[in-house]
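Student: Reading the sequence shown from the start, the letters are residues 167 to 271 in our numbering.
Below: one structure in structure tokens.
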Amino acid sequence: PPPVPVPPKPTTLRQPSTVLISHAVSLPQPQYPQLARQIRLQGPVNIQILVDEQGKVISAQAVSGHPLLLSAAKEAALRARFTPTMLSGQAVKVQGVITYNFVMQ
167 PPPVPVPPKP TTLRQPSTVL ISHAVSLPQP QYPQLARQIR LQGPVNIQIL VDEQGKVISA
227 QAVSGHPLLL SAAKEAALRA RFTPTMLSGQ AVKVQGVITY NFVMQ
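This is the structure we're talking about:
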């Protein structure tokens, strides 16, 4: 008999940020860097993340934002947790972008 075909293992799934955030279990806010606070620096920072099959962020890269805010946003993104994403009954890695908006209060 011919061999039974093995279904291909799902690859990384790209999610829009709104879908990704809706699956967040924990989405810590970044610490406002002291120097940025002193010079009253504000603005958005986009961090591209890769979430593993268990919902843990395993990679975070700054995509855009002010250099003084990037490190704090990246650290917060690495602490985020998500519900596992299932595709055809199998947990898959997910890639997406988190936007942190630094605003003086």
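The beta-carbon is built from N, C-alpha and C at its ideal position, and this holds for glycine as well.
1) On the three-pair Cβ rule with 8 Å, is the segment 256 to 268 touching the segment 219 to 235?
2) Would you kindly check if the distance between the Cβ of residue 170 and the Cβ of residue 247 is under 8 Å?
3) State the start and end residues of the unbroken beta strand (DSSP E) segment that holds residue 227.
4) So, residue 226 versus residue 243, is the Cβ gap smaller than 8 Å?
5) For residue 187, does the three-state DSSP call read helix, strand or coil?
6) Comparing C-alpha positions only, which one of 178, 239, 249 sits nearest to residue 212?
7) Checking the sheet assignment: what are the DSSP bridge partners for residue 215?
8) Quick one: is residue 215 buried, meaning 16 or more other Cβ sit within 10 Å of its Cβ, or exposed?
9) Residue 205: buried (16+ other C-beta within 10 angstroms of its C-beta) or exposed?
Tutor: According to the data block:
1) yes
2) no
3) 223 to 230
4) For residue 226 and residue 243, yes; Cβs fall inside 8 Å.
5) Here residue 187 carries a helix assignment [DSSP, helix/strand/coil].
6) Nearest option by C-alpha distance: 239.
7) For residue 215, which the question treats as bridged, DSSP gives the partners 226, 262.
8) buried
9) exposed
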